[in-house]
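In this note's numbering, the protein residues as written are 987 to 1151.
Beneath this line is the structure, given in structure tokens, with notes to follow.
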Amino acid sequence: MAYLFILLGVGLRLIPHIPNFAPITAMALFGACYLDKKYAIVFPLIAMLISDMFLGFHQVMFWVYGSFVLIGFLGMWLKNHKSSENIVFGSLVGSVIFFLITNFGVWLGPWYSHNLNGFISCYTLALPFFRNTIIGDLFYTGVFFSSFALFSYLASIKQLAIKKI
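As structure tokens, this is what we get:
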């Protein structure tokens, strides 16, 4: 079931959406939280790579993938600390990790001067995207985790009903 949610995340990334309103942070958190430890980081990255084959590759990919590795480690922590508050916290921290790391990669690229003014300009111009990132991450994290909890609950009820028969 967890693999299905991650594949759903890939599909959602491929359809047109508001810039940075995407399921990728939720996919990294969710995957690391529910997948087997040996697949927790790798499978979401492979899913990203597959979707990037359709969307295109870019100069900041190293920073994007690096941020999702860190978000995956956050999801592994979440595995043993699941609560509504920690899931929201994980989503918000994931948004901040993505914002800080990927925009650092953007600043290092050819688009900004490599001084304090260029650094400040890079992060300032990224703030509208950061808002979308936070909203999208909270939305998709809520959808992934709550849907999985609901499906797990319904499956356990079905198992109890089968045992009674």
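All C-beta atoms, glycine included, are put in the ideal place defined by N, C-alpha and C.
Next on the checklist: I need the straight-line Cα distance from Pro1096 to Leu1111, nearest angstrom please.
Outcome noted: The residue labelled residue 1096 in the question sits at position 110 within the sequence shown. The residue labelled residue 1111 in the question sits at position 125 within the sequence shown. Each residue's Cα considered, the two are about 15 angstroms apart.
Checklist entry - Do Val1046 and Val1092 have their CB atoms nearer than 8 angstroms? => result Residue 1046 sits at position 60 when you count from the first residue of the sequence shown. Residue 1092 sits at position 106 when you count from the first residue of the sequence shown. Yes, Cβ-Cβ distance for Val1046 and Val1092 is below 8 angstroms.
Checklist entry - What's the C-alpha gap between Ile1087 and Asn1066? => result On the sequence shown, residue 1087 is found 101 positions in, with the first residue counted as 1. On the sequence shown, residue 1066 is found 80 positions in, with the first residue counted as 1. Each residue's alpha carbon lies about 25 angstroms from the other.
Checklist entry - Looking at Gly1052 and Ala1018, is the spacing between their C-beta atoms short of 8 angstroms? => result Stepping through the sequence shown from its first residue, residue 1018 is reached at position 32. Stepping through the sequence shown from its first residue, residue 1052 is reached at position 66. No, these two residues do not count as a Cβ contact at 8 angstroms.
Checklist entry - In three-state terms, what does DSSP make of Trp1097? => result As a working note, residue 1097 is residue 111 in the sequence shown. It is coil, neither helix nor strand.
Checklist entry - Which residue comes first and which comes last in the alpha helix (DSSP H) that contains Val1055? => result Counting from 1 along the sequence shown, the entry for residue 1055 is found at position 69. That run of the alpha helix (DSSP H) goes Met1047 to Lys1065.
Checklist entry - Going by C-alpha distance, which of Ser1081, Ile1106 and Leu1035 is nearest Leu993? => result As a working mapping, residue 993 is identified with position 7 in the sequence shown. Of Ser1081, Ile1106 and Leu1035, the residue nearest in Cα terms is Leu1035.
Item to check | Between the CA atoms of Ser1138 and Leu1094 - distance to the nearest angstrom | outcome: Translated into positions along the sequence shown, residue 1094 becomes position 108. Translated into positions along the sequence shown, residue 1138 becomes position 152. Roughly 44 angstroms separates the two Cα atoms.
Checklist entry - Which of helix, strand or coil does DSSP assign to Ala1147? => result Translated into positions along the sequence shown, residue 1147 becomes position 161. Of the three classes helix, strand and coil, the one that applies to Ala1147 here is helix, per DSSP.
Checklist entry - Is Thr1011 near Ser1070, with beta carbons less than 8 angstroms apart? => result To locate residue 1011, count along the sequence shown from 1; it is residue 25. To locate residue 1070, count along the sequence shown from 1; it is residue 84. Contact flag unset, no.
Next on the checklist: Would Thr1127 and Leu1015 be called neighbours here (beta carbons separated by less than 8 angstroms)?
Outcome noted: In the sequence shown, counting from the first residue as 1, residue 1127 sits at position 141. In the sequence shown, counting from the first residue as 1, residue 1015 sits at position 29. Yes. Within cutoff.
Checklist entry - Quick one, are the C-beta atoms of Val1074 and Leu1060 less than 8 angstroms apart? => result The sequence position of residue 1074 within the sequence shown is 88, counting from 1. The sequence position of residue 1060 within the sequence shown is 74, counting from 1. No, the Cβ-Cβ distance between Val1074 and Leu1060 is not below 8 angstroms.
Next on the checklist: Less than 8 angstroms between the C-beta atoms of Phe1054 and Phe1085, yes or no?
Outcome noted: In the sequence shown, residue 1054 corresponds to position 68, counting from 1. In the sequence shown, residue 1085 corresponds to position 99, counting from 1. Not closer than 8 angstroms, so no.
Checklist entry - Going by beta carbon distance, what residues of the same chain come within less than 6 angstroms of Met1013, once the five residues before and after it are set aside? => result The residue labelled residue 1013 in the question sits at position 27 within the sequence shown. So the qualifying residues of the chain are Ile992, Gly995 and Pro1030.
Item to check | With 16 other Cβ atoms within 10 Å as the buried cut-off, status of Ala1026 | outcome: On the sequence shown, position 40 is the one that residue 1026 refers to. By the neighbour-count rule (16 or more Cβ atoms within 10 Å), Ala1026 is buried.
Checklist entry - Near Leu1124, which residues of its chain fall below 6 angstroms by C-beta distance, leaving aside the five closest residues on each side in sequence? => result Residue mapping note: residue 1124 aligns to position 138 of the sequence shown, counting from 1. Excluding sequence neighbours, Leu1124 sits near Ser1077.
Checklist entry - Nearest-angstrom Cα distance between Leu1136 and Tyr1098? => result Numbered from its first residue, the sequence shown carries residue 1136 at position 150. Numbered from its first residue, the sequence shown carries residue 1098 at position 112. So the alpha carbons of these two residues sit roughly 46 angstroms apart.
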